[in-house]
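Asker: Below you'll find the structure I mean.
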Amino acid sequence: MAKQYETVIGLEVHVELATKTKIFCACSTEFGGAPNTHTCPVCTGMPGSLPVLNKQVVEYAIAIGLAVNCEITSVCKFDRKNYFYPDNPQNYQISQLYLPIARDGYVEIESGGAKKKVRIHEMHMEEDAGKLVHDEWDDTSIVDFNRSGVPLVEIVSEPDMRSADEVLAYLEKLRMIIQYLGASDCKLQEGSMRADVNLSVREQGSDKLGTRTEMKNLNSFKAIARAIEGERQRQIELLEGGKPVIQETRRWDDNKEYSYAMRSKEDAKDYRYFPEPDLVPVVIDDAWIHRIKARQPEFQDEKILRYREEFGLPEYDAQIITSSRRMAELFEKAAYLCGKPKKVSNWLMVETLRLLKEHGMEPEEIRFSPENLAKLVNLADTGSINSSVAKEVFEKMFGEDIDPESYVNEHGLMTVNDEGELHAVLKKVIADNSQAVSDYRGGKKKALGALVGQTMKVMKGKADPGQVNQRLKDLLG
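If you want this note's numbering, it's the position in the sequence shown, counting the first as 1, plus 474.
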């Protein structure tokens, strides 16, 4: 009988914090500046320069720690992690090893219809390194230090996950919590959220952990899922062939769907950590924690309950809308403005999600305002515009955040409610389409659709299709 294997996965998640300046200096953290323009003597490691801790970094870290149920360390301190690499200008990284800011938390996830807790071992603050850019044509590497000194938290989980689905559920939950806090935009494609996957396999039923590998270079949820499956299969094939799994760091190539070894981890444990001599310990008292607790937002679980009670939304709608902070804000404000929460929910759940998918956008990138969404809901709900015009106006609003009322008036898109005008058009359409009329009266119900289409064409789309349909039925007997 073939052996059955279990996958054991733990994650190290790096999150860039949304401060305006870096962790130890006043340089900008803005993404995408010209290389080496957001730099100073501190973040480029010049001799004699001294770090000064950014208080907002500590506040964001405490907020995240509380949101993922961690114990906050009352006296935490920084350490030097020594290693030599071209994108690390000081030849050390300021991090936290011995007294990290938060420990012993958990995140509750749902995967495959079952809930489980993924434990968090610890979370620490640290500075990011610079970025190496490799030019294959010139066979050279150049360094951009704009990212050097950007503040990070690293969230280290216990090896509690057993599948790619559980990993993605954990990452989605973390991302949503951090976005709700406003502590980071968590854009994987821009590197503001990065995950390293520690994975091993063992025989089903065994309580002994297998040899793990660490996978890097994972910049999308799809890449993470593919990398997990690829590495799981690679390790099983080695074990089935009687070969050992080597503990090493591997880089995932998502284009080739293949990972390759970067370096062995066997001898890479000694970073010669020692306390950072240029920074004093950070004392976090209860009063500080209480102030940050009082500022914590309403998270998804609380919002779902309130949306069901206050707005009468179905559970499914509430879950989808609250999965994004931006969508939740849009929904609430628009629902209060127009007083039609289910209609607002429908526009977000159907047309908004469709267009986000078409344009490859995240919900946080939605540009239209709740005021304009509320106006569109009212225009469509009162019959001022018909459903096809409403969709046309919404697409324009999605792209440019136009005012729907002004746009409809400027382009003459209001539904024609003049009974006399509509009656005259219907009589003419019936007279001009004798074959369709004959087919309909002969039992071919589809022929009515052709007559509705002709009427809408003559009315230039400015009629209510439902009303046209009913009036034609009445006229045709």
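Beta carbons: idealized from backbone N, C-alpha and C, even for Gly.
Measuring only the C-alpha atoms, how far is residue 726 from residue 691?
Answerer: Going from the Cα of residue 726 to the Cα of residue 691 covers about 6 Å.
Asker: Quick check on residue 561: does DSSP put it in helix, strand or coil?
Answerer: Three-state result, residue 561: coil.
Asker: On the CB-based measure, 16 or more other CB atoms within 10 Å of its CB, does residue 623 come out buried or exposed?
Answerer: Classification for residue 623: buried.
Asker: Go ahead and pull the three-state DSSP assignment for residue 495.
Answerer: The answer is strand: DSSP assigns residue 495 an E or B state.
Asker: At what residues does the alpha helix (DSSP H) containing residue 762 begin and finish?
Answerer: Its alpha helix (DSSP H) spans residues 760-769.
Asker: Pull up the distance between the alpha-carbon of residue 668 and that of residue 662, whole angstroms please.
Answerer: Each residue's alpha carbon lies about 6 Å from the other.
Asker: How is the alpha helix (DSSP H) around residue 790 delimited, first residue to last?
Answerer: Residue 790 -> alpha helix (DSSP H) spans 789-796.
Asker: Have a look at residue 808 and residue 789 and give me their C-alpha separation to the nearest angstrom.
Answerer: Between residue 808 and residue 789, the C-alpha separation is close to 19 Å.
Asker: Which of the three DSSP states, helix, strand or coil, is assigned to residue 721?
Answerer: Note: residue 721 maps to coil in three-state DSSP.
Asker: Rounded C-beta distance between residue 671 and residue 713? I'm assuming under 8 Å.
Answerer: At roughly 18 Å, the Cβ-Cβ gap does not stay under 8 Å, so residue 671 and residue 713 are not in contact.
Asker: Between the stretch 597-607 and the stretch 554-572, are three or more C-beta pairs nearer than 8 Å?
Answerer: Yes: at least three Cβ pairs fall under 8 Å.
Asker: So what does residue 625 bridge to, in DSSP terms?
Answerer: Bridge partners of residue 625: 601.
Asker: With DSSP as the reference, label residue 500 as helix, strand or coil.
Answerer: Coil at residue 500, not helix or strand.
Asker: Helix, strand or coil, according to DSSP, for residue 643 in the structure here?
Answerer: Three-state result, residue 643: helix.
Asker: State yes or no: is the C-beta of residue 629 within less than 8 Å of the C-beta of residue 489?
Answerer: Yes, the Cβ-Cβ distance between residue 629 and residue 489 is below 8 Å.
Asker: If you follow the alpha helix (DSSP H) that residue 537 is part of, which residue opens it and which one closes it?
Answerer: Start and end: 529-541.
Asker: Which residues in the same chain have their Cβ closer than 6 Å to the Cβ of residue 608, if we skip the five residues on either side of it in sequence?
Answerer: Correct list, in chain order: 615.
Asker: Under three-state DSSP, which class holds residue 673?
Answerer: Strand, per DSSP.
Asker: Shortest alpha-carbon distance to residue 559 belongs to which of 697, 589, 603 and 585?
Answerer: The option with the nearest alpha carbon to residue 559 is 603.
Asker: Can you check DSSP and say which residues form a bridge with residue 749?
Answerer: Residue 749 pairs with 553.
Asker: Which one or two residues does DSSP pair with residue 579 in a beta bridge?
Answerer: Paired residues: 594.
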